[in-house]
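Working notes, structure below.
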Amino acid sequence: MNWNELTHIDQIDKIINESWKKPVLIFKHSTRCIISKMALKNFESDFSLQDVMDVYYLDLIAYRNISNEIAEVFTVEHQSPQILLIKDGVAVYAASHESIDANVLLHRL
Numbered sequence: 007m008n009w010n011e012l013t014h015i016d017q018i019d020k021i022i023n024e025s026w027k028k029p030v031l032i033f034k035h036s037t038r039c040i041i042s043k044m045a046l047k048n049f050e051s052d053f054s055l056q057d058v059m060d061v062y063y064l065d066l067i068a069y070r071n072i073s074n075e076i077a078e079v080f081t082v083e084h085q086s087p088q089i090l091l092i093k094d095g096v097a098v099y100a101a102s103h104e105s106i107d108a109n110v111l112l113h114r115l
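Under this note's numbering, the first residue of the sequence shown is numbered 7, with each subsequent residue one higher.
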């Protein structure tokens, strides 16, 4: 999968701006957690919307400050692993742990 790595807090503004043109997905991943690793693997194997939305990957162990900012900006509770679907500048969908399902995104566009 061709992830855009989320490594700078300034990218959040870019994501908000992009989301007015097409949906943006953020996958928050804990590199120390086996549950997060399995969620990421399953998500990547089922995801088929690469042409429809931009996708960002956040290593929240390395960039916890960005994860905290995402929670504040999009008014979602921090979870790990977690996906957020951003449209028109707001989080229209969020899921965590076993609720992460790439196929659900088809119904959220």
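Beta carbons are placed, not taken as given, at the ideal position from N, Cα and C, and that holds for glycine.
8 Å Cβ cutoff met for residue i and residue j
i	j	result
Tyr63	His35	yes
Asn8	Gln85	no
Leu31	Ile89	yes
Ile72	Leu12	yes
Asp52	Ala108	yes
Val79	Ile18	yes
7 Å Cβ shell around residue i - same chain, five flanking residues per side excluded
i	result
Gly95	Ile22, Ser25, Trp26
Boundaries (first-last residue) of the alpha helix (DSSP H) holding residue i
i	result
Val79	70-79
Neighbourhood of residue i by C-beta, 8 Å cutoff - its chain only, sequence neighbours within 5 removed
i	result
Lys28	Val58, Met59, Asp60
Ser102	Gln85, Ser86, Pro87, Gln88, Ile89
Arg38	Ile67
Tyr69	Leu12, Thr13
Chain-order list of residues whose beta-carbon lies under 6 Å from that of residue i (same chain, five-residue window excluded)
i	result
Phe33	Tyr63, Ile89
Val98	Leu91
Limits of the unbroken beta strand (DSSP E) element including residue i
i	result
Lys47	Note, Lys47: premise wrong, no beta strand (DSSP E); alpha helix (DSSP H) at 40-52.
Gln88	88-93
Val61	60-65
Ser36	From DSSP, Ser36 is part of no beta strand (DSSP E); its letter is neither H nor E.
Ala97	96-102
Reduced DSSP category for residue i - H, G, I as helix; E, B as strand; rest coil
i	result
Lys20	helix
Glu83	coil
His113	helix
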